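Q: For the protein sequence lines, the chains are Y and H, in the order given.
Quick note: the first sequence uses numbering that gives the first Met the number 0, first residue 0, plus one each step.
Quick note: the second sequence uses numbering that gives the first Met the number 0, first residue 0, plus one each step.
After the structure tokens below, expect a handful of questions from me.
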Amino acid sequence: MNTSSNGYVICFAVGVCVAASAALALCASLLAPIQDAAAEFDRQKNVMIAAGLMKQGDLRPRAELEKLYRDRVKEVVVDTETGAVAEGKTPADVAAMKNPADKERYRVGALSLTAEGKTDSIILPVSGKGLWSTLYGYLALEGDANTVRGITFYKHGETPGLGGECENPEWTAKWVGKTILDEKGALASIKVKKGVVDPAIPNEKAHMVDGLSGSTITSNGITNFVKADLTAFSGYLGNLRSKPQ
Amino acid sequence: MTDTVSPPVAQSAPLFGKDEKKAILDPMWDNNPIAFQVLGICSALAVTTRLDKALVMGAGVMLVTAIANFLISCMRSAIPSKIRIVVQLVVVSSVVIVFDQFLKAFMFDLSKQLSVFVGLIITNCIVMGRLEAYAMSNPPWRSFLDGIGNGLGYAWILAVVGAVREILGSGKLLGHQVIPQGLYEAGYVNNGLMVLAPGAFILLGCIVWVQRAISGYEEK
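This is the structure:
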């Protein structure tokens, strides 16, 4: 067989492509369930980091952290139209919903519990468009449903070193202690400022965080979707404020 | 088999004869891919902020280079030379993607930290460089060893840079605090330059300098 004949070249090329595709497809389908479980565990860790139940880089074994999540985090399905907890719907039901209007309406939040089982903090999913991708994160509020306890971004495709710094614990730490309501009780949300926050200005000190260098669009995206998600959950948060747990 | 021209197979090569040892040991020092051949620098800067990232990346490049070398060497007489580079690329890409899938399944946190740099192993000059320079003209087992050797040569440099950057830049090694709290209270501060690319560049330069001074490199 002449290795430089056109027929051979084409057959060889096709053969290599088929072999590579088969190997990749096999590998991907075999590993998919393990990858999904790993991604779910990562999501659970981020809920717990936002709520302060663990820190980034916690060295406890996976089984222990998974148990911590089961014991101390309670997932709730919220009907954002009424602000009430949607009894009878589980997070799995919400994940299976196909209608975009339903997915807007029913959202899965979580409450972190103290060791005695009382509500400690409220964890809300926040997500929206950055520059290159959709960012997914969790914003945790103290029991007063006003003060920020923490925020994490666990999934995004922003530029590493620029928008990707939204994951940096040194930046997310700046969110701690900010409040989402202004003095009149209306939703002020948290804004990412273009520049450094001036603590002398009360509005900035309470409701703004320092910007991310070189990531204006990501930062604006974060400002916008945090506000949108807090607005969606405002009914639910209002209910929690009026009947303290 | 077809009557293709196959490379002359002499007596079967020993498992770890002189050539085999040379294939592994040369790239660890004398012919080190980073210090001597100056290949694969950009990922050496980006993934060495912590030792665990550096080790996983080093292991990744080693596995990819070794397996790709082996596969290409097995096929070397059958690959039409017109599409040689493309075939090498397909093989390397597939191996890298498989590695990435394993990382996402078993080391999810590290795979998030390494993000795009795992995929960029495909573009790492060391891999393609060795395929062209060695695997296309050497038998499979020796090519495999050459891949391991180059990977190890790359990995130890990454490990050294990673360890120094992690200790000086964040006071930890593999996540465990090594700089005692007492030093921080006495006024010691983590070196921010070590966490950024320029710090890695400077360290890399020092390593190349030391390696060439010891091995007596002469600019031709």
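C-beta: ideal position from N, C-alpha, C; glycine also.
These figures come from a predicted structure and were not determined experimentally.
Take Y153 of chain Y as the anchor and find which of Y:V46, Y:S111 and Y:K193 has the nearest alpha-carbon.
A: Of the candidates Y:V46, Y:S111 and Y:K193, the one whose C-alpha sits nearest the C-alpha of Y153 of chain Y is Y:V46.
Q: Quick one: any contact between the segment 83 to 102 of chain Y and the segment 119 to 133 of chain Y, if contact means 3 or more CB pairs under 8 Å?
A: no
Q: Can you tell me whether E124 of chain Y is helix, strand or coil according to DSSP?
A: Residue 124 of chain Y is actually Pro in this sequence, not Glu. Looking at P124 of chain Y - three-state DSSP - the assignment turns out to be strand.
Q: Does the distance from the C-beta atom of L161 of chain Y to that of L138 of chain Y stay below 8 Å?
A: no
Q: Please say whether M61 of chain H and L157 of chain H have beta carbons closer to each other than 8 Å?
A: no
Q: Looking at the structure shown, is T1 of chain H part of a helix, part of a strand, or coil, going by DSSP?
A: Because the pLDDT of T1 of chain H is 48, which lies under 50, any placement of that residue in the model is unreliable, and the question is left without a value.
Q: Could you tell me which chain H residues have their CB closer than 8 Å to the CB of V195 of chain Y, listed as they occur along the chain?
A: By Cβ distance, chain H contributes nothing, its closest Cβ being about 17 Å from V195 of chain Y, past 8 Å.
Q: What's the C-alpha gap between G128 of chain H and V86 of chain H?
A: 14 Å
Q: Compute the Euclidean distance between the alpha carbons of M0 of chain H and N5 of chain Y, then round it to the nearest angstrom.
A: The predicted model places M0 of chain H with a pLDDT of 47, which falls under 50 and marks its position as unreliable; any figure quoted below should be read in that light. Each residue's CA atom was taken as its position, placing M0 of chain H and N5 of chain Y some 20 Å apart.
Q: Using alpha carbons as the reference points, say which of H:R141, H:N149 and H:P179 lies closest to C73 of chain H.
A: Looking from the CA of C73 of chain H, the closest CA among H:R141, H:N149 and H:P179 belongs to H:R141.
Q: Name, please, each residue of chain H whose Cβ falls closer than 7 Å to the Cβ of V46 of chain Y.
A: Those within 7 Å of V46 of chain Y in chain H number zero; the least Cβ separation is about 15 Å.
Q: Smallest Cα separation from Q112 of chain H: which of Y:D41, Y:A18 and Y:N219?
A: Y:D41
Q: Residues in the same chain with beta-carbon distance under 7 Å from P32 of chain H, minus the five sequence neighbours each way, listed in chain order, please.
A: P26, L38, G39, I125, N149, G152 and Y153
Q: For F15 of chain H, is the classification buried or exposed, using 16 other Cβ atoms within 10 angstroms of its Cβ as the cut-off for buried?
A: exposed
Q: Where does Q180 of chain H land, buried or exposed, given buried means 16+ other C-beta within 10 angstroms?
A: exposed
Q: Using a 10 Å radius around the Cβ and a threshold of 16 neighbouring Cβ atoms, would you call I189 of chain Y buried or exposed?
A: By the 10 Å Cβ count, I189 of chain Y comes out buried.
Q: Starting from I189 of chain Y and walking both ways along the alpha helix (DSSP H), at which residues does that stretch end?
A: Premise fails: I189 of chain Y is in no alpha helix (DSSP H) and is neither H nor E.
Q: V15 of chain Y CB to nearest chain H CB: under 8 Å?
A: Closer than 8 Å to the CB of V15 of chain Y there is at least one CB belonging to chain H.
Q: Alpha carbon to alpha carbon, what distance is there between L186 of chain Y and T79 of chain Y?
A: 16 Å
Q: Got a sec? Which residues, its chain only, sit under 7 Å from V8 of chain H by beta carbon, not counting five neighbours each side?
A: Because the pLDDT of V8 of chain H is 49, which lies under 50, any placement of that residue in the model is unreliable, and the number read from its coordinates should be weighed accordingly. For V8 of chain H, where only same-chain residues beyond five positions count, there are no Cβ hits under 7 Å.
Q: The alpha helix (DSSP H) with F101 of chain H in it runs from where to where?
A: From DSSP, the alpha helix (DSSP H) with F101 of chain H extends over R83 to F105.
Q: Give, in chain order, every residue of the segment 155 to 189 of chain Y whose Cβ lies closer than 7 Å to some Cβ of chain H.
A: P159
Q: Does the segment 101 to 112 of chain H come close enough to the segment 24 to 38 of chain Y that 3 or more CB-CB pairs lie under 8 Å?
A: yes
Q: Based on Cα-Cα distance, which residue from Y:D181, Y:D101, Y:K193 and Y:L112 lies nearest to Y68 of chain Y?
A: Y:L112
Q: Hey, could you find the ends of the beta strand (DSSP E) T245 of chain Y is sitting in?
A: Here chain Y covers residues 0 to 244 and nothing more, so residue 245 of chain Y does not appear.
Q: Would you verify that the beta carbon of F152 of chain Y is, or is not, closer than 8 Å to some beta carbon of chain H?
A: no
Q: Are V208 of chain Y and K192 of chain Y touching if we call contact CB-CB under 8 Å?
A: yes
Q: In the DSSP assignment, the beta strand (DSSP E) including A109 of chain Y goes from what residue to what residue?
A: Y105 to L112
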